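Notes follow once the structure below has been shown.
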Amino acid sequence: MTPSWKHLYPLIKTAVLNLDSLDALLQQVVEQITQLYQAECLLWSGLEWGVADALRVFTTPETANRYAVSLGFAYPPPPVESTTVAIQQFRPRSLPTWLFDQQNAPRLLQLKTGDLILPVTSRGSYFGSALPRDRAANSLQFVVQLVRPADLVSTAEQASAGSFRGWTEADIESLEVLGSQLGLAYSALYWRQRLEQSRQQVALLGRVAHLLNSTLSPDEIVSQIMAELGNGLDCDRSLLIDLRLNPAVALAVWDAPDCELPALEPRQIRQSYWQNVIEMFMQGGASYLQLGLQEPTPDPLQVWLQDMGAQSVLVLPLFVQGEFFGGIALLSYRYPRSYLIDELQTVRQVADQAALALTNVQHYQRLWQKQEELRVQSSTQRASLRDPLTQLLNRRSLEQELEQLSLSAIWTVSPIFCVIVCDIDYFKPINDAHGHPVGDQVLQAVAKRLQGQLRRGTSAYRYGGEEFAVILTDTPLALALDVAERLRQAVRSTPVLTPAGSLDVTASFGLAQRDLTTDRTAWDVLQHADRALYEAKRLGRDRVYAIDPSREANSAAFSTETESATQFL
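In structure tokens, the structure reads:
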């Protein structure tokens with residue numbers, strides 16, 4: 241049968257009319273060329289993207305096995321088990337020299353090995369004369385490499401002198417027409433694909449912008465942003481990482497639903513792996529980093545990729561209010577992934593919106609507190625969130641605020657805060673000697689004095705029986721110490737008048753500040769404050785005792801007239 245482009249024309253026309261994908265078109269073309277020309281066919285695609293990792297080779301597994309060693313296919317071709325032609329994609333790790341020449345000056349040629357090289361551009365095929373250099377790089381779309389078996393080459397009818405060995409004049413003419421038709425079809429599908437990708441990226445940015453205006457919590461917003469990014473960019477895992485700590489903290493993790501990926505463990509995000517990347521981003525050395533396992537210069541981050549089982553990663557820096565915060569990482573596990581310029585621009589915009597979401601955390605926290613205050617004003621909420629005896633917020637309300645402060649997004653970017661825990665000294669003897677009604681009066685008096693010393697918007701909580709707690713937001717330890725001492729003085733300032741007479745009442749105070757390097761939740765800070773309260777009791781009561789992570793030893797800050805002291809651990 242004489243090969244002819246007419247055999248392929250209906251296939252090409254159908255692919256364009258049906259808006260098939262580029263991969264589907266190329267797979268069908270390779271299969272048909274292999275059969276029509278009785279030749280092995282390797283089709284090199286992805287040249288127009290301008291990125292080495294975008295290159296693909298379409299061929300049969302049998303042909304791929306023959307070229308596996310010389311091209312170093314990233315995917316080892318499977319063994320051929322049948323004679324059925326099945327076209328697959330392979331990723332070459334090394335490129336032949338002639339391919340670079342084709343990128344500079346596309347032209348039909350025959351290699352010394354007998355392989356026929358057919359370049360296809362948006363304007364068809366080029367025979368005899370090369371495309372001008374200034375237009376070549378932007379026009380070459382893919383290259384067809386044809387190899388005829390030796391027995392066919394020796395018996396094939398040769399064309400006139402100077403033609404290509406093993407190929408007839410009719411073969412060359414049909415290949416020329418075929419190249420022209422393929423170039424036009426490929427261009428149509430290529431630009432349709434680019435248009436669709438642009439539409440999807442615009443839609444992605446729109447969905448992320450919508451999230452920022454939603455009523456979701458910061459944790460939910462950040463998680464949804466990473467899910468949208470992972471889906472939209474077709475990666476296997478997307479991470480938002482706080483790189484300020486060691487180990488680094490993954491604030492949000494999204495895994496592709498069709499991939500079974502290894503669990504992300506804290507040891508796998510050691511800050512030391514990322515140190516070079518952190519320094520590069522902080523010094524403005526790069527706006528993004530694409531890294532695979534085959535990089536010539538080893539880097540600690542490559543070790544991390546190997547530990548994770550990933551093939552490549554894209555990392556973009558994340559700055560919150562001008563300060564380096566961490567990064568967004570897109571990991572590919574199934575094969576090395578390279579991102580195009582427009583994709584990088586999309587990820588950059590999403591990263592900026594993620595930073596905006598983290599910046600808004602403080603505003604969200606304050607809004608949540610105001611909403612809580614409004615809810616507390618209702619009778620049902622007052623009954624469930626306020627202590628009926630002292631009218632202070634109760635333990636349930638305290639737990640809700642601790643949970644709110646512990647949200648991952650809020651925890652990492654919220655200002656410093658302190659927790660004060662207070663316990664009335666010798667309260668049990670008061671109950672035992674004078675009865676519970678007198679004890680209740682003491683609790684009410686202490687609660688009123690505590691709340692009266694706090695600024696508007698700061699609440700005291702009845703933490704336990706005779707225990708109280710205060711959360712001081714936006715307050716460093718030094719200022720919190722002043723507040724705690726003022727509270728202590730207020731409790732002991734005047735005796736409490738009761739039916740049993742005037743009772744001198746004192747209280748002990750434990751104080752702790754959030755330490756971002758060791759504390760993981762607000763509950764940890766509360767536990768430190770409880771421990772400080774225990775020390776205040778042990779040292780004699782009626783005193784303030786603070787746990788300061790920046791100090792290694794105890795030191796007395798000041799003494800009062802009653803020999804009380806504010807101390808540090």
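Yeah, the sequence shown ends on 809 if you go by the numbering used here, and it's all consecutive.
Built from N, CA and C at the ideal position, the CB exists for glycine as well.
None of the values given here were measured: they were computed from a predicted structure.
Where do the ends of the alpha helix (DSSP H) carrying residue i lie?
i	result
residue 637	635-646
residue 556	Looking at the DSSP string, residue 556 is not in any alpha helix (DSSP H); the run it does join, the beta strand (DSSP E), is 552-560.
residue 566	Looking at the DSSP string, residue 566 is not in any alpha helix (DSSP H); the run it does join, the beta strand (DSSP E), is 563-572.
residue 785	Where residue 785 is concerned, there is no enclosing alpha helix (DSSP H), although the beta strand (DSSP E) it sits in stretches over 784-787.
residue 266	262-276
residue 774	762-778
residue 513	511-522
residue 465	458-473
residue 379	373-379
residue 208	Shown here, the chain extends from 241 to 809; a query on residue 208 therefore has no answer.
residue 728	717-732
I'd like the list of long-range same chain contacts for residue i, defined as Cβ closer than 7 Å, with 5 residues on each side in sequence excluded.
i	result
residue 394	Per-residue confidence for residue 394 stands at a pLDDT of 46, beneath the threshold of 50, marking its modelled position as unreliable; the derived number appears in the next sentence. Cβ neighbours of residue 394 beyond the five flanking positions: none.
residue 483	511, 514, 518, 566, 567
residue 447	468
residue 451	461, 464, 465
residue 322	Model confidence at residue 322 stands at a pLDDT of 44, short of 50, so the residue's coordinates are unreliable; what they give is reported in the following sentence. Within the same chain, residue 322 has no close Cβ partners at all.
Assuming residue i is part of the beta strand (DSSP E), what are its boundary residues?
i	result
residue 491	489-495
residue 356	356-361
residue 749	747-753
residue 482	477-482
residue 296	296-299
residue 713	707-713
residue 419	Run containing residue 419: none in the beta strand (DSSP E); it sits in the alpha helix (DSSP H), 409-452.
residue 280	280-285
residue 757	Per DSSP, residue 757 belongs to no beta strand (DSSP E) and is neither H nor E.
residue 663	657-664
residue 738	736-738
With burial defined as no fewer than 16 other Cβ atoms inside 10 Å of the residue's Cβ, what is the status of residue i: buried or exposed?
i	result
residue 568	buried
residue 706	buried
residue 435	exposed
residue 498	exposed
residue 533	exposed
residue 468	buried
residue 626	buried
residue 546	exposed
residue 455	exposed
residue 856	Not covered by the structure: residue 856. The range shown for the chain is 241 to 809.
residue 651	buried
residue 273	buried
residue 744	exposed
residue 382	buried
Out of the options, which has the shortest C-alpha to C-alpha gap to residue i?
i	options	result
residue 736	670, 751, 299	670
residue 389	332, 543, 409, 354	354
residue 641	688, 685, 703	703
residue 279	303, 266, 484, 296	303
residue 753	763, 306, 746	763
residue 494	476, 488, 508, 509	476
residue 520	550, 555, 733, 496	555
residue 553	778, 529, 759	529
residue 756	344, 596, 486, 463	486
residue 590	341, 558, 684	558
residue 658	767, 583, 688	767
residue 386	405, 379, 760	405
residue 384	551, 776, 301, 423	423
residue 584	699, 445, 540	445
residue 689	708, 341, 676	708
residue 419	479, 516, 781, 269	269
residue 503	582, 525, 479	479
residue 628	647, 596, 684	684
residue 343	351, 686, 380, 660	380
residue 647	411, 326, 471, 490	490
Within its chain, find whatever has a CB closer than 6 Å to the CB of residue i; leave out the 5 residues flanking it on each side and keep chain order.
i	result
residue 349	357
residue 681	738
residue 397	Residue placement at residue 397 cannot be trusted, given a pLDDT of 46 that sits under 50; the coordinates are not used to answer.
residue 282	297, 299, 385
residue 250	none
Near residue i, which residues of its chain fall below 8 Å by C-beta distance, leaving aside the five closest residues on each side in sequence?
i	result
residue 574	476, 499, 551
residue 295	284, 285, 286, 287, 331, 332, 335
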